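In UniProt numbering, the protein residues as written are 1 to 310.
Don't be surprised by glycine CBs; every beta carbon is placed ideally from N, CA and C.
Quantities reported herein were computed from a predicted structural model and do not represent experimental measurements.
Comments concern the structure below.
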């Protein structure tokens, strides 16, 4: 595939993955009467079941090359990119709100891109500087908008939410880098199969969450609440975990790590747009400025990675 075609296709996959992943920020708002542990357990149990079903007809050729090191890698990726990340993210949304959580997660492009510059033959950091500065400016705008005017009595919850969001940021940054390296190493494995294997392992780990999730939440839920919870868990599992992760894995094979980091901006962008829709309001001038800066940042990074300029 030509470099320009790879670039365009990779970016398209990244935008689509961001649009689907942005939905996960709404789930904690839609199911506020359930805990973050319950949301994670429900989502990833469904993800694991669907992945196992899709993996059955493909299992024999996969089993031929799978080794213990691969399973250990999948356990680590499942914890970093799914279980730990989503428990922290859901807690951050419920305690700090969608805007604050998305702004902290918005630092992911900066973190991943900075790590990517250490890879051999990567685009030099100085050429990425304008894009990274715009990213930081955009996140600063959102932070100023989200943190202003917080009542004193709500500050402990906001602080807890902020710490959870920072933890989610660290967890997913590590996942993005390690997962990209696994995909490059396993050229003979499709991104779809790798996603399904991750789903099966994540589902198994989610089983361990169920007892803890039930012990933490002692409140009673009626049948309608459980049906709503099941619908939300299934929807997020299908759209974010199956489809979103699959698109992201395909993108990770087409784009360099420095550009992969910038693609995460679209998750933040779509999370903000979904948040505005949920709150039934238009973005403020500061939020519009932040969105424009985010998009411009990605476009600048894409330009740096074009074959005729890199």
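- 8 Å or more divides the Cβ of residue 46 from the Cβ of residue 225.
- Residues 47 of the same chain have their beta carbon placed closer than 6 Å to that of residue 241, with the five preceding and five following residues left out of the count.
- Excluding sequence positions up to five before and after residue 239, its CB lies within less than 8 Å of the CB of 20, 23, all in the same chain and listed in chain order.
- With a contact defined as Cβ atoms closer than 8 Å, residue 259 and residue 17 miss out at about 13 Å.
- Cβ neighbours of residue 9 within its own chain (closer than 7 Å, five residues either side excluded): 254.
- The three-state secondary structure of residue 278, taken from DSSP, is helix.
- The three-state reading of DSSP puts residue 124 in coil, since its state is none of H, G, I, E or B.
- Between residue 202 and residue 44 the beta-carbon gap is near 5 Å, inside 8 Å, which marks them as a contact.
- Put simply, the backbone Cα of residue 39 is about 15 Å away from that of residue 204.
- The three-state reading of DSSP puts residue 55 in helix, counting H, G and I together.
- Between residue 251 and residue 13, the gap from beta carbon to beta carbon is short of 8 Å.
- The Cβ atoms of residue 110 and residue 89 do not sit closer than 8 Å to each other.
- Nearest neighbour of residue 167 by Cα position, chosen from 184, 91, 180, 186, turns out to be 91.
- In this structure, residue 104 places its C-beta atom within 8 Å of the C-beta atom of residue 169.
- Taking 8 Å as the cut-off, the beta carbon of residue 235 is found no closer than this to the beta carbon of residue 158.
- The beta carbon of residue 15 sits closer than 7 Å to the beta carbons of 266 from its chain, once the five residues preceding and following it are set aside; these are given in chain order.
- With respect to residue 198, residue 77 sits close: the two C-beta atoms are nearer than 8 Å.
- By the neighbour-count criterion, in which a residue is buried when 16 or more other Cβ atoms sit within 10 angstroms of its Cβ, residue 53 is exposed.
- The DSSP-derived three-state label of residue 29 is helix.
- Annotation for residue 269: 18, 22, 291, 294, 295 place their beta carbon closer than 8 Å to its own, counting only its chain and skipping 5 residues before and after.
- Taking each of 87, 144, 106 in turn and checking the Cα distance to residue 263, the smallest one comes out for 106.
- Counting along the chain, the unbroken alpha helix (DSSP H) around residue 104 starts and ends at 98–105.
- In the structure shown, the three-state DSSP call for residue 222 is coil.
- In terms of CA proximity to residue 220, 33 leads the group 6, 33, 300.
- Using a Cβ distance threshold of 8 Å, residue 233 and residue 42 count as a contacting pair.
- Residue 229 counts as buried, since no fewer than 16 other beta carbons sit within 10 angstroms of its beta carbon.
- Secondary structure at residue 133: helix, using DSSP grouped into helix, strand and coil.
- Collapsing the DSSP output to three states places residue 232 in a helix.
- In this structure, the CA atom of residue 80 is about 34 Å from the CA atom of residue 281.
- The beta carbon of residue 74 lies closer than 7 Å to those of 197, 198, 201 in the same chain, with the five residues before and after it left out.
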